[in-house]
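K.L.:
Structure below; questions to follow.
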Amino acid sequence: MNDSLPPKIAEALAEGLELLRPLAGEDSFYPSIPAALVRAGLHRLPVPVDAGGLGGRLTDAVRVLAELGAVDGSAGLGLAMHYHTLGAALESGAWPHTLLDEVFSSVCEQGALINLAATEERGGSPARGAIPWVTARRHGLNWVINGEKRWTTWLPALRYAVVTARIIDSQANGAEKSLRIGTFLLDLSRQGVECLPAFDGLGMRASASGLLRLQDVCVEGDRLITSSLAGADDPRRASALAWFGLCVAAVYLGVGEGARSALVHWAVQRKPVDGTTAVADIPAVRIRLGKLDAELRAARLLLLEVARRWENAGSGAGREECLPDIALAKLKVTEAAVFATDHALRIAGGPGFLRGVLERAFRDARAGLIHPPLEDVAYQEFAKKLVHGRKPPS
Ligand SMILES: Cc1cc2nc3c(=O)[nH]c(=O)nc-3n(C[C@H](O)[C@H](O)[C@H](O)COP(=O)(O)OP(=O)(O)OC[C@H]3O[C@@H](n4cnc5c(N)ncnc54)[C@H](O)[C@@H]3O)c2cc1C
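The sequence shown begins at 8 in my numbering and counts up one residue at a time.
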């Protein structure tokens with residue numbers, strides 16, 4: 008599969024995997040993991056070549072993340088968050104050039120990492136339309152940000168967070184007085200920023216998806232990336248949905264594929280009963296293995312096809328039309344990962360139940376169900392299209 012990657016990205020991936028393997032598979036976060044991926048240059052993937060990056064497209068990001076996810080789900084997830092934030096920032100055209108240039112040069116010259124800090128304890132999933140409780144209050148030419156974000160992946164390794172906040176602006180007039188949501192580029196070295204460990208999850212335990220506490224953090228007016236009315240439809244959101252959905256799905260595909268490799272290796276070696284027949288040669292096991300493989304291969308084909316379609320969609324309406332397929336790919340890929348890691352444990356029985364690769368993959372895969380695009384929202388959208396988009400019977 009790496010044959011399809013541009014040579015520079017393939018080289019960075021080979022180096023990243025070599026550095027990652029000895030560090031991988033832990034249930035705690037180690038800063039050496041993001042540092043290793045930065046050393047290999049993988050963090051530069053979505054940055055354009057003329058800005059010092061590797062000029063990777065969404066299909067390249069997806070391929071790289073699946074490979075990393077197979078070795079270490081949490082490491083893959085951390086990089087997926089960095090990729091989707093940068094990829095969408097570039098592609099959507101929503102960011103002011105000065106901020107984009109600053110971030111690209113920090114990424115390429117200083118190894119900076121970035122993520123979106125949207126989720127809050129009180130609001131629940133932003134994908135369900137949660138309005139932030141974090142506030143950005145205008146203070147002269149600046150903004151003062153207060154509140155807490157939860158679940159910010161790779162928080163201890165980040166230089167920047169894109170923070171969503173409810174805008175409070177006493178200078179606003181007319182329509183601007185309505186409830187607005189702003190996104191701000193926040194350098195986490197700012198005074199008033201605290202990055203705290205707060206993640207004790209079932210899976211993705213090494214993802215350091217922490218608590219970002221913001222207390223009277225003062226940022227200049229030009230750190231505001233976008234501002235929009237709460238609930239308003241923004242056509243630029245398509246890029247964010249595509250990069251997020253497919254990057255995250257790729258990681259979980261990798262988790263499933265990593266479990267498949269570990270399982271096959273184990274099943275060929277393991278010869279229970281009288282030591283003559285390997286688990287892999289038992290017909291009933293073969294059927295399970297074949298099913299697990301079929302789910303993962305179908306998921307991989309779907310993921311790459313949808314990523315390709317996205318790249319060929321041009322902009323505007325073409326991209327909007329891709330969104331149901333993006334949701335479909337994310338749903339089917341994460342379901343395949345859950346199926347494969349579940350069946351891997353059923354095949355491996357007792358040895359699979361013990362702490363190790365299969366047990367971790369089983370837990371990690373389930374986190375995929377929580378990320379947007381969300382299952383119930385997507386199925387409702389599919390049904391809506393079926394019902395309202397149907398042609399009258401001829
Ligand atoms: C490993 C991991 C890493 C993450 N990293 C990040 C990150 O870097 N940045 C970030 O911002 N977020 C991150 N998240 C947060 C994530 O995307 C979700 O926003 C967060 O988990 C809250 O969503 P929720 O649906 O679980 O919670 P809630 O919104 O509280 O919902 C809980 C449950 O209630 C039900 N429910 C709630 N509202 C509705 C509704 N309107 N309709 C139907 N059912 C409803 C659903 O069954 C839902 O599962 C991460 C999550 C995980 C698991």
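Glycine included, C-beta positions come from ideal geometry on N, C-alpha and C. These figures come from a predicted structure and were not determined experimentally.
Measuring alpha carbon to alpha carbon, tell me which residue in Leu12, Arg316 and Thr159 is nearest Leu1.
P.N.:
Residue 1 cannot be examined here, being either before or after the span of the chain that is shown, 8 to 401.
K.L.:
Could you have a look at Thr171 and say whether DSSP puts it in helix, strand or coil?
P.N.:
If DSSP states are grouped into helix, strand and coil, Thr171 belongs with the strands.
K.L.:
Is it the case that the CB of Lys278 approaches a heavy atom of ligand 1 more closely than 8 Å?
P.N.:
Answer for Lys278: no, Cβ out of range of ligand 1.
K.L.:
Please go through the same chain and pick out, in chain order, the residues whose beta-carbon is closer than 8 Å to the beta-carbon of Val262, but skip the five residues on each side of it.
P.N.:
Result list for Val262: Gly76, Ala77, Gly80, Gly83, Ala344, Thr348, Ala368, Asp371, Ala372 and Gly375, in chain order.
K.L.:
Can you find a heavy atom of ligand 1 that lies under 8 Å from the Cβ of Lys339?
P.N.:
Lys339 Cβ: outside cutoff for every heavy atom of ligand 1.
K.L.:
Please name the residue, chosen from Ala124, Leu123 and Ile138, that lies closest to Gly130 on a Cα-to-Cα basis.
P.N.:
Nearest C-alpha to Gly130: Ile138.
K.L.:
With H, G and I counted as helix, E and B as strand and the rest as coil, what does DSSP make of Val384?
P.N.:
Here Val384 sits in helix by DSSP.
K.L.:
Evaluate Met8 with the Cβ neighbour count: other Cβ atoms within 10 Å of its Cβ, from every protein chain shown; 16 or more gives buried, anything less gives exposed.
P.N.:
Any reading at Met8 must be qualified, since the residue scores a pLDDT of 47, below 50, and its modelled position is unreliable; no value is offered.
K.L.:
Between the segment 194-205 and the segment 173-183, do at least 3 Cβ pairs fall closer than 8 Å?
P.N.:
The segment 194-205, when compared against the segment 173-183, does not touch it at the 8 Å Cβ threshold.
K.L.:
Could you tell me the alpha carbon to alpha carbon distance between Gly359 and Trp273, rounded to whole angstroms?
P.N.:
Between Gly359 and Trp273, the C-alpha separation is close to 9 Å.
K.L.:
Out of curiosity, what's the CA-to-CA distance linking Arg307 and Val224?
P.N.:
Between Arg307 and Val224, the C-alpha separation is close to 43 Å.
K.L.:
Measuring from the CB of Ser35, is there a heavy atom of ligand 1 at a distance below 8 Å?
P.N.:
No, the beta carbon of Ser35 sits no closer than 8 Å to any heavy atom of ligand 1.
K.L.:
Tell me whether Ile413 sits in a helix, a strand or coil according to DSSP, three-state version.
P.N.:
Lying before the first or after the last residue shown, residue 413 is absent from the chain, which here runs from 8 to 401.
K.L.:
Flag this pair as yes or no: are the beta carbons of Ala301 and Arg293 separated by less than 9 Å?
P.N.:
Not a contact, by the Cβ cut-off of 9 Å.
K.L.:
Using 8 Å as the cut-off, classify the Cβ of Asp383 as near or not near the heavy atoms of ligand 1, replying yes or no.
P.N.:
Asp383: yes, Cβ under 8 Å from ligand 1.
K.L.:
Please name the residue or residues paired with Gly60 in a DSSP beta bridge.
P.N.:
Beta-bridge pairing links Gly60 to no other residue.
K.L.:
I want to check one thing, is the minimum distance from the CB of Ser216 to the heavy atoms of ligand 1 below 8 Å?
P.N.:
Ser216 Cβ: within cutoff of ligand 1.
K.L.:
Comparing the CB of Arg157 with every heavy atom of ligand 1, is any distance shorter than 8 Å?
P.N.:
Yes, the beta carbon of Arg157 sits closer than 8 Å to at least one heavy atom of ligand 1.
K.L.:
Leu361: buried (16+ other C-beta within 10 angstroms of its C-beta) or exposed?
P.N.:
It counts as exposed.
K.L.:
Of all the options Arg64, Glu22 and Val69, which has the alpha carbon lying nearest to the alpha carbon of Ala47?
P.N.:
The residue with the shortest Cα to Cα distance from Ala47 is Glu22.
K.L.:
For Ala168, tell me which candidate among Ala320, Lys391 and His91 has the shortest Cα-Cα distance.
P.N.:
Checking every option, the nearest Cα to that of Ala168 belongs to His91.
K.L.:
To the nearest angstrom, report how far apart Arg70 and Gly136 are at their CA atoms.
P.N.:
When rounded, the distance between both Cα atoms is 30 Å.
K.L.:
When the Cα of Ser402 is compared with those of Leu219, Glu128 and Ile232, which residue comes out closest?
P.N.:
Not covered by the structure: residue 402. The range shown for the chain is 8 to 401.
K.L.:
Since Glu227 is in the alpha helix (DSSP H), which residue starts that stretch and which ends it?
P.N.:
Careful: Glu227 lies outside any alpha helix (DSSP H), inside the beta strand (DSSP E) at Gly217 to Glu227.
K.L.:
Is Ile377 a contact residue of ligand 1, with contact defined as CB to any heavy atom under 8 Å?
P.N.:
Ile377: yes, Cβ under 8 Å from ligand 1.
K.L.:
Go through its chain and collect everything with a Cβ distance to Leu352's Cβ below 8 Å, but skip five positions before and after it.
P.N.:
Excluding positions up to five away in sequence, the list reads Gly359, Phe360, Leu365, Glu366 and Phe369.
K.L.:
How many whole angstroms separate the CB atoms of Gln222 and Asn153, which I take to be in contact at a CB cut-off of 8 Å?
P.N.:
The Cβ separation is near 6 Å, so the contact holds.
K.L.:
Mind checking whether Leu231 and Thr171 have CB atoms under 9 Å apart?
P.N.:
No, Cβ-Cβ distance for Leu231 and Thr171 is not below 9 Å.
K.L.:
Could you tell me which residues DSSP puts in a beta bridge with Lys156?
P.N.:
Lys156 pairs with Leu219.
K.L.:
If Ala134 and Leu381 are in contact, beta carbons under 8 Å, what's the gap, nearest whole angstrom?
P.N.:
Right, their Cβ atoms sit about 5 Å apart.
K.L.:
Is there a Cβ of chain B sitting closer than 9 Å to that of Glu33, yes or no?
P.N.:
Going by chain labels, chain B is absent from the structure shown, which holds only one protein chain.
K.L.:
Which residue or residues does DSSP assign as beta-bridge partners of Trp150?
P.N.:
Answer by DSSP bridge pairing, in chain order: Arg145 and Val226.
K.L.:
Between which two residues does the alpha helix (DSSP H) carrying Asp194 extend?
P.N.:
No alpha helix (DSSP H) contains Asp194, which is instead part of the beta strand (DSSP E) from Arg187 to Asp194.
K.L.:
Are three or more beta carbon pairs between the segment 264-279 and the segment 96-107 nearer than 8 Å?
P.N.:
With the cut-off at 8 Å, the segment 264-279 and the segment 96-107 do not touch.
K.L.:
Are the CB atoms of Ile354 and Arg397 nearer to each other than 9 Å?
P.N.:
Going by C-beta atoms, Ile354 is not nearer than 9 Å to Arg397.
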